[in-house]
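Notes for the one structure printed next.
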Amino acid sequence: MAHFAQLDNNKVVQQVIVIADEDCGGGKFPESESHGQAFIAKLGLQGEWRQTSYNGNFRGSYAGIGYTFDENSNKFIPPSI
Numbered sequence: 002m003a004h005f006a007q008l009d010n011n012k013v014v015q016q017v018i019v020i021a022d023e024d025c026g027g028g029k030f031p032e033s034e035s036h037g038q039a040f041i042a043k044l045g046l047q048g049e050w051r052q053t054s055y056n057g058n059f060r061g062s063y064a065g066i067g068y069t070f071d072e073n074s075n076k077f078i079p080p081s082i
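Read left to right, the sequence shown gives residues 2 to 82 (the numbering used here).
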């Protein structure tokens, strides 16, 4: 399964969805991201979507609602408390 986070205009995660690996081209990150984004667009879901790793294998940590995507470091940053 592949996980994708929807970002708002400020790069803050609004939701995270799960799609089948087959819908991500059956590949591994980072190649799978563009396939997954295309699949999400076909579903009619709007916005910017970035792949996240449930196990934290890439992009720092698993994205949760309220996390911010930092494009410079290519990581999801947890919210400050």
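Glycine residues also receive a C-beta, built at the ideal position from the N, C-alpha and C atoms.
- Given that a residue counts as buried once 16 or more other Cβ atoms are within 10 Å of its Cβ, and exposed if not, what is Val14? The residue you call residue 14 lines up with position 13 of the sequence shown. With 16 or more other CB atoms across the displayed protein chains lying within 10 angstroms of its CB, Val14 is buried.
- Task: Determine the contact status of Ala3 and Cys25, defining contact as a CB-CB distance below 7 angstroms.
- Result: Reading the sequence shown from its first residue, position 2 is the one you call residue 3. Reading the sequence shown from its first residue, position 24 is the one you call residue 25. In contact: Ala3 and Cys25 (Cβ atoms closer than 7 angstroms).
- Item | Host beta strand (DSSP E) of Phe30 (start-end) | On the sequence shown, position 29 is the one that residue 30 refers to. Bounds of any beta strand (DSSP E) do not take in Phe30, whose DSSP letter is neither H nor E.
- Task: Tell me whether the beta-carbon of Ala85 lies closer than 7 angstroms to the beta-carbon of Thr53.
- Result: Residue 85 cannot be examined here, being either before or after the span of the chain that is shown, 2 to 82.
- Message: Rounding to the nearest angstrom, what Cα-Cα distance links Ser33 and Leu8 in this structure?
- Response: Sequence index remark: in the sequence shown, residue 33 carries index 32 (1-based). Sequence index remark: in the sequence shown, residue 8 carries index 7 (1-based). Linking Ser33 to Leu8 through their CA atoms gives a straight-line distance of about 18 angstroms.
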